[in-house]
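In what follows, a structure is listed as structure tokens, so that the remarks can point back to it.
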Amino acid sequence: MEDQHQEYERFIAPIEKEMMQAVWRITGNRSDAEDAFQAALMKIWKQWGSIGRHPNPRALVLRLCANAAYDVWRGSTRRQKCEEPGIILESAADPTISVIEQLVRQQQQSQVMLAIGHLSRKQGQAILMHTIEELSYGEIAVALNCSEATVRKHIARARARLRKLLAPTVPSITMEVTHL
Amino acid sequence: MNQERVDYDIDEHIKMSTQLELPAEVEAGMRRQLEDFRQRLKARQPGRLEALWNSFCYALSTPRVRMLAVSCSILLLAMAALWVATSSTVDSGKMYAATVQKFKLDQALAYTIVLNEQPYVAVDFSWQPPGYERVSTSWGLEIRVDHLKEKKMLLLHYLKKYAFETYPDTGLQNEPSLREYLKSLAPQAEKYLGEKVTEGRSLLGFRSKESDLADPSKYNVLDVWIDAQTGEPHHVDITNYEEGKPVHLMHIANIHLGISQPATHYDLTPPEGYTPLDSADLKTEAGPEAQLPELHAVIKEMPAMTAVVMPMHGSYVQHEMGIAKVEAYLEQSGVPPTGAPFGRYFNTAGTVPEDQLSWEVGYPVSSQRAVNLPFELRTIPKAVMASAMVKGPHGEDETGRWLAFLKSIAGQGYVPAGTAMEIWTEAPDPTDKQGQLTEMRIPVVSAH
């Protein structure tokens, strides 16, 4: 039992905040975040025996969190298409951020995540780990169990696709599309 | 703007768009989930296998103990493999010992000896308690012995002759000794040969080697194959090695232990139509030879022969008709025969009813070619054969010729070991029946 506790301290405790952030940044709302976090912890529980053996436990745990969040977010997006809900404004983490700014950010997050939702699963996972969790190509490769070159390919294709998808709403990246 | 800049911008956009601060109440909810997870984890007992595996992996990840861990793992694996192999060998060894015991205890025993894997060459042997014995060979000799009455009957099916011999006699030495040999197998084999599947049955093989103490260059390798399902012996292969001599393989098949044979099997009453042959005639140099044609069997290796044949069944009176059909077929096909016509005989008159006689006639041809039914292309393999040529009308005094031929073979220390064959050559003058030649051939092996 003590071993289990030590392993938690070794693998999970240092990255608790990153895990929560990863889930939150993908889901963007409390309900989905808590569902996704619970799902992520379930996956970690199931794979607990192999986490310690993984070459990069941090990358693996964060990937499990991101995957769970991504799955919940996609499921939620599909439901929203049917239900057409209004924007639910989450309570601000930072009270200095205005309600308007908060709405804009949520709108942007929603647009980006919708665009990411159009990517393949691997491309979506790779770009999220690279941009949100700021994992290196090597760490992503270990987490996805593929080569670094494959990760680069996934990310490059994800970027290209996202540029096209986000161009109408993000003029700053419209120009760059023409250079591809 | 270069590609890196473009990539940076899209990455930053994603990052900024998702740079949502984690609200305190959401974080609090997640922390509760984490605490619950931590508590569950503390209470979690890893499975034994998981714990062992984790220890192993942890050890492997630590350089100092990696070598030790690997060594221990290899040792464990080796022990496991040894345990599996040993248990398997022990189980199969027990099966072998049980089979050997069956050979030893079961009085009734029957088997067929196949010599050098030749087809249709076999010696059927059976023993029935309290003392009945029978040997029937594929070349038409049958011997029935009643050890209680001390009486032995010889049946010469080619000749439709019978004879009673004084008991005991040396004529059956090989077969009873083989029976004793099988009954005295060592309870442990030297080597487990593994498993093979024959005719859909799984067989386990065991090998023993027996050297001749007087002559180390002579030894037998004995392979006993046992049915894995029933534990019954399936077949025994005895390979005889002797320096400077060809390797002989004796395949003992159709082994039956403890099965009673019908009383007629050992009946010493001569079959109907058989006439007596004075046993003394077979043993003395004088007498019968005067009535038998003079011939000397030559033992030599005959090359393989390709032939077009027509399988025949039933009475031998069909000889001329069969040969004529093959001849006509070859002429029609434009294939010239390369030799004289011949007949081959797979069983013997007297051992089976006439309608069950199985034989074939044919002509040798120069090459392999497709043939149409009822004709068949036959390759008669290269073999050591006994051969003798007799002059006179084809089919005349067949029994006498064959008896003299078999005697000549036996006199040279050989026993027939194959399908009997006759080759018929016409005289230069086709009307000269006395000038016709008949060559008798039969594969042989050394009797020693």
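For the protein sequence lines, the chains are A and B, in the order given.
26 is the number of the first residue of the first sequence in our numbering; add one for each residue after it.
183 is the number of the first residue of the second sequence in our numbering; add one for each residue after it.
Where a beta carbon is used, it is the ideal one built from N, C-alpha and C, also for glycine.
Of all the CB atoms in chain A, is at least one closer than 7 Å to the CB of residue i?
i      : result
B:E217 : no
B:R214 : no
Can you give me the C-alpha to C-alpha distance between residue i and residue j, rounded to a whole angstrom?
i      : j      : result
B:V543 : B:V490 : 9 Å
B:Q289 : B:Q310 : 7 Å
B:F524 : B:D614 : 19 Å
A:E32  : A:G77  : 8 Å
A:S116 : A:R99  : Because the pLDDT of A:S116 is 46, which lies under 50, any placement of that residue in the model is unreliable, and the number read from its coordinates should be weighed accordingly. Spanning the two alpha carbons is a distance of roughly 22 Å.
B:K286 : B:Q500 : 49 Å
B:E558 : B:Q538 : 20 Å
B:R551 : B:S308 : 43 Å
B:F219 : A:Q63  : 9 Å
A:A185 : A:K42  : 30 Å
B:G387 : B:N422 : 18 Å
B:W541 : B:G322 : 14 Å
B:M198 : A:V137 : 10 Å
A:M200 : B:H195 : Low local confidence applies: a pLDDT of 42 at A:M200 is under 50, so the model's placement there is unreliable, with the coordinate-based value given in what follows. Answer to the nearest angstrom: the Cα atoms are 14 Å apart.
B:P452 : B:Q618 : 35 Å
B:E372 : B:K391 : 7 Å
B:R326 : B:A565 : 30 Å
B:M503 : B:R560 : 19 Å
A:Q46  : A:C90  : 10 Å
A:I40  : B:R214 : 15 Å
B:I562 : B:E604 : 13 Å
B:P610 : B:E425 : 46 Å
B:P593 : B:M484 : It is worth fixing the name first, because residue 593 of chain B is Gly in this sequence and not Pro. So the alpha carbons of these two residues sit roughly 20 Å apart.
B:I408 : B:E362 : 19 Å
B:L585 : B:S628 : 19 Å
A:S101 : A:H143 : 14 Å
B:A602 : B:H495 : 16 Å
B:L223 : B:T200 : 31 Å
A:A183 : A:D57  : 24 Å
Taking residue i as the query, report the chain B residues whose CB atoms sit under 9 Å from its CB, ordered along the chain.
i      : result
A:T175 : Going along chain B, no residue has its Cβ under 9 Å from A:T175, so there is no contact; the nearest lies around 17 Å.
A:H30  : R220, L223, K224
A:E41  : M212, R213, L216
A:I76  : Result: empty, since nearest Cβ-Cβ is about 10 Å, beyond 9 Å.
A:I51  : T200
A:I165 : None at all; the shortest Cβ gap to chain B is about 13 Å.
If we define contact as Cβ-Cβ less than 7 Å, is residue i a contact residue for chain B?
i      : result
A:V137 : yes
A:T156 : yes
A:L85  : no
A:L144 : no
A:L66  : yes
A:R188 : yes
A:W98  : no
A:R182 : no
A:R88  : no
Taking residue i as the query, report the chain B residues whose CB atoms sit under 7 Å from its CB, ordered along the chain.
i      : result
A:Y33  : R220, L223
A:Q46  : L204
A:Q133 : S199
Name the chain A residues whose beta carbon is nearer than 9 Å to that of residue i?
i      : result
B:G211 : R55, A58, E59, F62
So residue i contacts chain A; which residues on that side make the cut at Cβ distance below 8 Å?
i      : result
B:D288 : The premise fails here: B:D288 is roughly 57 Å from chain A at the closest Cβ pair, so nothing lies under 8 Å.
Could you name the residues of chain B that residue i contacts, counting a contact when the two beta carbons are closer than 8 Å?
i      : result
A:L191 : I192, H195
Where in the stretch 556–605 of chain B do unbroken runs of the alpha helix (DSSP H), each at least 4 residues long, occur, reported from the N-terminal end onward?
-> 580–593
Could you list the residues in the stretch 193–208 of chain B with a C-beta less than 9 Å from some C-beta on chain A, going in chain order?
-> D193, E194, H195, I196, K197, M198, S199, T200, Q201, L202, E203, L204, P205, A206, E207, V208
Interface positions of the stretch 390–424 of chain B facing chain A (Cβ-Cβ less than 8 Å), listed along the chain | none
In chain order, each beta strand (DSSP E) run of at least 3 residues that lies wholly inside the stretch 400–467 of chain B = 400–409, 415–424, 430–439
Curious, which full-length beta strand (DSSP E) runs of at least 3 residues does the stretch 497–539 of chain B contain?
-> 524–527
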